[in-house]
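A quick write-up on the structure given underneath.
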Amino acid sequence: MKKYISTISFTKITLLVFMLITTLVNAQTDLPEAPVDEPAVAPIDTYVFVLAALGLVFVFLKVRASMNQEKSQVK
4 MKKYISTISF TKITLLVFML ITTLVNAQTD LPEAPVDEPA VAPIDTYVFV LAALGLVFVF
64 LKVRASMNQE KSQVK
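Position one of the sequence shown corresponds to residue 4 (the numbering used here), numbered consecutively onward.
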């Protein structure tokens, strides 16, 4: 039974990482028609990696807390 639970968690984490990577690729597109003199349209492009790292840390902490809660309920 534990193998099945860890497989579900691994699948969820894998899907999350895939979604984060594809979001990073889509969020960092250059606008060729934008003039060079004006600032970028979306200033969040510079912080995408920071936000992704914070998201992964948050998910890791939530998964770890969930696993600890499951372990305490089994005992």
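A virtual CB, placed ideally from N, CA and C, is assigned to each residue, including glycine. Note that this is a predicted model, so its numbers are computed, not measured.
How many angstroms separate the CA atom of residue i from the CA atom of residue j?
i: residue 67; j: residue 51; result: 24 angstroms
i: residue 58; j: residue 24; result: 12 angstroms
i: residue 4; j: residue 56; result: Since pLDDT at residue 4 reaches only 46, below the 50 mark, its modelled position is unreliable, and the value read off the structure follows with that caveat. Their backbone Cα atoms lie some 31 angstroms apart in a straight line.
i: residue 70; j: residue 76; result: 10 angstroms
Using 8 angstroms as the threshold, is the C-beta distance between residue i and residue j below it?
i: residue 19; j: residue 62; result: yes
Of all the options the options, which has the alpha carbon lying nearest to the alpha carbon of residue i?
i: residue 94; options: 75, 65, 60 and 76; result: Look at the range of the chain in this structure, 4 to 78, and you will see that residue 94 is not part of it.
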